[in-house]
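Structure record follows, encoded as structure tokens.
Number of protein chains: 8
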Amino acid sequence: MNRKNDHPVIQLDEVSKAIIEQLQQDGRRSYAAIGKVVGLSEAAVRQRVQRLIDSGVMQIVAVTDPLELGFARQAMVGVKVTGPLEPVADKVAELAEVDYVVVTAGAYDLLVEVVCESDEHLLELLSCRIRTIEGVAATETFMYLRLRKQTYSWGVR
Amino acid sequence: MNRKNDHPVIQLDEVSKAIIEQLQQDGRRSYAAIGKVVGLSEAAVRQRVQRLIDSGVMQIVAVTDPLELGFARQAMVGVKVTGPLEPVADKVAELAEVDYVVVTAGAYDLLVEVVCESDEHLLELLSCRIRTIEGVAATETFMYLRLRKQTYSWGVR
Amino acid sequence: MNRKNDHPVIQLDEVSKAIIEQLQQDGRRSYAAIGKVVGLSEAAVRQRVQRLIDSGVMQIVAVTDPLELGFARQAMVGVKVTGPLEPVADKVAELAEVDYVVVTAGAYDLLVEVVCESDEHLLELLSCRIRTIEGVAATETFMYLRLRKQTYSWGVR
Amino acid sequence: MNRKNDHPVIQLDEVSKAIIEQLQQDGRRSYAAIGKVVGLSEAAVRQRVQRLIDSGVMQIVAVTDPLELGFARQAMVGVKVTGPLEPVADKVAELAEVDYVVVTAGAYDLLVEVVCESDEHLLELLSCRIRTIEGVAATETFMYLRLRKQTYSWGVR
Amino acid sequence: MNRKNDHPVIQLDEVSKAIIEQLQQDGRRSYAAIGKVVGLSEAAVRQRVQRLIDSGVMQIVAVTDPLELGFARQAMVGVKVTGPLEPVADKVAELAEVDYVVVTAGAYDLLVEVVCESDEHLLELLSCRIRTIEGVAATETFMYLRLRKQTYSWGVR
Amino acid sequence: MNRKNDHPVIQLDEVSKAIIEQLQQDGRRSYAAIGKVVGLSEAAVRQRVQRLIDSGVMQIVAVTDPLELGFARQAMVGVKVTGPLEPVADKVAELAEVDYVVVTAGAYDLLVEVVCESDEHLLELLSCRIRTIEGVAATETFMYLRLRKQTYSWGVR
Amino acid sequence: MNRKNDHPVIQLDEVSKAIIEQLQQDGRRSYAAIGKVVGLSEAAVRQRVQRLIDSGVMQIVAVTDPLELGFARQAMVGVKVTGPLEPVADKVAELAEVDYVVVTAGAYDLLVEVVCESDEHLLELLSCRIRTIEGVAATETFMYLRLRKQTYSWGVR
Amino acid sequence: MNRKNDHPVIQLDEVSKAIIEQLQQDGRRSYAAIGKVVGLSEAAVRQRVQRLIDSGVMQIVAVTDPLELGFARQAMVGVKVTGPLEPVADKVAELAEVDYVVVTAGAYDLLVEVVCESDEHLLELLSCRIRTIEGVAATETFMYLRLRKQTYSWGVR
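Next up, the structure:
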């Protein structure tokens, strides 16, 4: 079976979807305000939200903008690995500048998104901290010229 | 000058960083609770949070997990484009299954993250809706085998 | 949901697995002989085999050896496609020399196994019948030097 | 000489071809039924079938469907090898999830078809059992999105 | 059958091989001198040589050295073709600077050896006469830095 | 200076070119017959031919056809090398099946033409004798499907 | 002949080399000062310098530093071209941000160095002005992370 | 912050730009002549030029033409590195034939321009001095066929 979890896939009803949409617009919208929109009491909204969080469907988090904080260089790094993939993925994931690591099938073994302050910072990260990890055979860096779309939610509408 | 914005890069003090960290753990933590941790009044925390949001440094949002919602196929699609890049990026960004589009320098012109329910869904998306966009010359798909790390914040600690 | 069929995945018991193994060794072994090995009556074996066939788990077929029949050139052809993938896959699948067509994610859009009598035959197939299909942008041919393993069954032992 | 076998290539007559076609439709069709179609006695059909099998032209086997048995991830793995090719091909061929290994000329040294239950299974196979074989320099995985055609016979019609 | 010719492959006896070796050293060596070495009369050598030439096994030709004649730039050009291969191969073969054209399986569709007087000459050939042929999609040029080995005979010793 | 030889490039007059053309047609044409065509005495032709050979402009040799001698598999092998190129080129050039070795600039370090009797022969050559040479990092094989043009002379007409 | 110019290659004597070295250090060093170092009169130095400039061996120019002038994004752009190369090279060379265009043999047809103010500038240049030139099939951009060496003179010491 | 220097980016006024343009035409033009064109005294021009040089905006240097000095082979070498990048860049930069070394993001880790006298010289440089540097995994050479544009100044007009 190709199911990845032990518990069943969650089927959201229309009310839960409406609640999630409200929170995608503003994660701190009050339960009372949400309740008015979706036609539930504040307590019922609070309970539903808690259940969505507990079941892992949704989390409510602060998301910061790297550019506003002076991190001007973003890039995707394709990594080719020699030997087992997971230990290398683990080592790469420990780096603070790395915000995304995925093991992929295809021309690269890992795709790694990095956020750096400058070209010097990126070069130091690549040269001294990623490429020196045992098992890293080669890297190819895709510098971001323009981030066109980034959303944090799927499967609701 | 290679600065990308008109307003200056924001330098966060230690208190603002501590507030962001609290909200990265739980986006709905009460201002009072945060105030106790960082040593500010509830009103001062509220004011600071509002300023961080207004300045674009941070947003607080619901983030849903595609796997829990039955979207079992994630992939990065490298797109090679003929002619201008931006119109193609715009068209790709309109697709609901696409949650990430970045224009890159390197072997691909666009990197596009897609979230699908199944192989059939992914094939239909690629074959009938991405590859038929005018200017798309070729696509190469990197199927995700395992998402190892994903964080939503940088530059604070 | 990422399930591909309407009916449920079949869980084989040990007896069914033993029957399949017998038929993998010799597809015409008599039900009586199989019954002796697996501890069932001839009728019970016949019934089980019919159910395995009807449910699509197994088929019993004649498999011919291309080399013995004078087809000396086998190759995998990686096909890069412009535009939609499925119409091209359909057209390629109609060719008699093609015994395998799969739509793939990665550097090629289709992988196509071909069986030919000679280099001339292969060249004619590639040049005049595959590369002239509308939507075929390029082909790369992997000539077989030695077929090391080929099995027709999975998931039983 | 570029002939690969000591015994001569077999030239099938029309009757043998008709028998093979019958068995490609149903590997357990009775010799009597086949005899009626092709105009031979049951004994003559039996004798011809035995000769086709003994000469290696044809075998009759049970073929199982990986998808029906819950093996939802199929992929072709291109393997690049350092040093001699055959020892690596041998080691890869020993793996149970591998149903096809061919040594090829071209950009990959081996093409390996694998059948797995899930992404996790595939990742474990690639990372811990294929990539750790001595001589494996790199792998590139072509995930199957849709199997369009698969036949088990050539050169008869 | 994968035989390419109607007449049978020729099996050379030791005397014919010895004659060919003599002529590989010097194509104008007298039949009498060859006869002494191989133990045949002049007439018998002449007859054997004529038969080797008539059957297509061997030709005796003047081979010129491009470098000595002022052709300082040699290169192999890999050509990628759109559509049928043979018409493009024919057009390329008509060019005087091209001394070798082979249709190949693999990353390039044609391999073309060219002999030019200078970089300007090579650029003009590529840009104005090869790349303008209908069906030529791309070329990649492998400039020769040093020709290490070139022999004109096989299979004799 | 980019001249490759100590002695000057040879400028052939029309008579020498005519002599070479005669010998390109038939390397054993008699000096008397050539003399009639080009308007020189037999002795003068003999002297000119000797000078062309001594200066390295031309040689007259037996050229055998691999296909006629049962060498049915020809291929160009692109070799990627680690470290110095020349020792690897030397080792490859020692192999009897190799009739051409050139050091190139570009995606491959060496281009090597090989002539083999069969796929098995080619596989053994690649796997056991080329890929085991120290410094050979990888090979990519371009199987010949059809040799379209091969000439042995340049720069005369 | 592979000579590229009509006039002969210039052989510099030791005095001319010493003069060039002085001017490589400081292009405005006075002829009197240079004369003292190389042992010539001011007039003789002036004459020699004029001859070196007139013959094309040397020029004395102001070279500006893009980084100091706010051009923070440098990149090499590999361009693949369809059809003739020179018209595309000409068009690319007209662009102000392009300071270097070379036609190359190999995986790219043109190598183009560009100097831009920002990622936005680079994206606009690539997308709207380079990729829209007729004959440009694809571009691959190599962003500069660090310029390690740049010299303006060869062949003297 | 993505600024690369401690001191601020320089904003040139129109007069400074005009001075630089004069010196781009002729690096030894007298300050008096420049002063007449830009409307300043000789002393003021001298002072401005000195400031432009001291601040690193501009240098005035002798630039020699490799072709005129007999360096007929120019090439860009793409270098792939194993492990840290900077030590390899440093070693490559020490070579006299190398006039340009840049660390890049993308398919190559370093781009290195080399200037050689001949193919032999280039081969020796690649084979014995670049490829033997520890950390150099592979090189790909792009031979220059024609240098179409080369300018030494940006950002002035």
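Chains as they are written, first to last, in full-length UniProt numbering: chain F, 1 to 157; chain W, 1 to 157; chain E, 1 to 157; chain Z, 1 to 157; chain L, 1 to 157; chain V, 1 to 157; chain D, 1 to 157; chain H, 1 to 157.
Idealized CB from N, CA, C, for every residue including glycine.
C-beta neighbour in chain Z for residue i, strict 8 Å
i, result
"E113 (chain V)", "no"
"M143 (chain W)", "yes"
"D119 (chain W)", "yes"
"E42 (chain E)", "no"
"V103 (chain F)", "yes"
"K149 (chain E)", "yes"
Residue burial classification, residue i (beta-carbon count within 10 angstroms, cutoff 16)
i, result
"G39 (chain H)", "exposed"
"residue 245 (chain V)", "Residue coverage of chain V in this structure runs from 1 to 157, which leaves residue 245 (chain V) outside it and unanswerable."
"T132 (chain Z)", "exposed"
"K80 (chain E)", "buried"
"R73 (chain E)", "buried"
"Q22 (chain D)", "buried"
"Q11 (chain E)", "exposed"
"A138 (chain E)", "buried"
"V37 (chain D)", "exposed"
"Q150 (chain D)", "exposed"
Straight-line gap, residue i to residue j (C-alpha atoms, nearest Å)
i, j, result
"N5 (chain Z)", "E140 (chain E)", "Annotation note: pLDDT 41 at N5 (chain Z) (below 50); position unreliable, coordinate value reported separately. Those two C-alpha atoms are separated by around 28 Å."
"residue 164 (chain L)", "E113 (chain L)", "Only positions 1 to 157 of chain L appear in this structure, which leaves residue 164 (chain L) out of reach."
"R148 (chain Z)", "S16 (chain Z)", "29 Å"
"C128 (chain D)", "G106 (chain Z)", "37 Å"
"L69 (chain D)", "R48 (chain D)", "34 Å"
"I34 (chain L)", "R146 (chain V)", "35 Å"
"I122 (chain Z)", "Y108 (chain F)", "Position check: residue 122 (chain Z) holds Leu in this sequence, whereas Ile was assumed. Going by the C-alpha atoms only, they are around 16 Å apart."
"G83 (chain E)", "A93 (chain E)", "18 Å"
"A118 (chain F)", "T104 (chain F)", "Residue 118 (chain F) is actually Ser in this sequence, not Ala. One C-alpha to the other measures close to 27 Å."
"R55 (chain D)", "L85 (chain H)", "For clarity, residue 55 (chain D) is Ser in the given sequence; the question names Arg instead. Each residue's alpha carbon lies about 40 Å from the other."
"L52 (chain H)", "Y144 (chain D)", "25 Å"
"A32 (chain Z)", "V115 (chain W)", "55 Å"
"E120 (chain V)", "F71 (chain E)", "16 Å"
"L67 (chain W)", "D90 (chain F)", "21 Å"
Distance between beta carbons of residue j and residue i, contact taken as under 8 Å
i, j, result
"T64 (chain Z)", "V57 (chain E)", "6 Å"
"V102 (chain L)", "L110 (chain L)", "7 Å"
"V98 (chain L)", "V136 (chain L)", "Their Cβ separation, rounded to whole angstroms, is 13 Å, which puts V98 (chain L) and V136 (chain L) out of contact at 8 Å."
"I19 (chain W)", "V45 (chain W)", "6 Å"
Chain H contact for residue i (CB, 8 Å cutoff)
i, result
"L110 (chain F)", "no"
"P66 (chain V)", "no"
Residue-level contact to chain E via CB, residue i, 8 Å cutoff
i, result
"A75 (chain W)", "yes"
"E47 (chain Z)", "What sits at residue 47 (chain Z) in the sequence shown is Gln, not Glu. Chain E, which has no Cβ nearer than 8 Å to the Cβ of Q47 (chain Z), makes this no."
Below-8 Å beta-carbon distance, residue i vs any chain F residue
i, result
"D99 (chain W)", "yes"
Cutoff 8 Å: residue i Cβ touching any chain V Cβ
i, result
"L123 (chain E)", "yes"
"G83 (chain Z)", "yes"
Residue i at chain D interface by Cβ criterion, 8 Å
i, result
"R146 (chain L)", "no"
"S127 (chain L)", "yes"
"K80 (chain W)", "yes"
Short CB-CB distance (under 8 Å) between residue i and chain W
i, result
"E140 (chain D)", "yes"
Closer than 8 Å to chain L by CB, residue i
i, result
"G106 (chain E)", "no"
"K36 (chain D)", "no"
Check: residue i C-beta below 7 Å from any heavy atom of the ligand PLP
i, result
"M143 (chain V)", "You won't find the ligand PLP in this model; it holds no ligand whatsoever."
Inside the stretch 64–125 of chain D only - alpha helix (DSSP H) runs reaching at least 4 residues: 86–93, 119–124
Sequence ranges, beta strand (DSSP E) only - wholly within the UniProt domain "HTH asnC-type" (12–72) of chain D, length at least 3: 58–64
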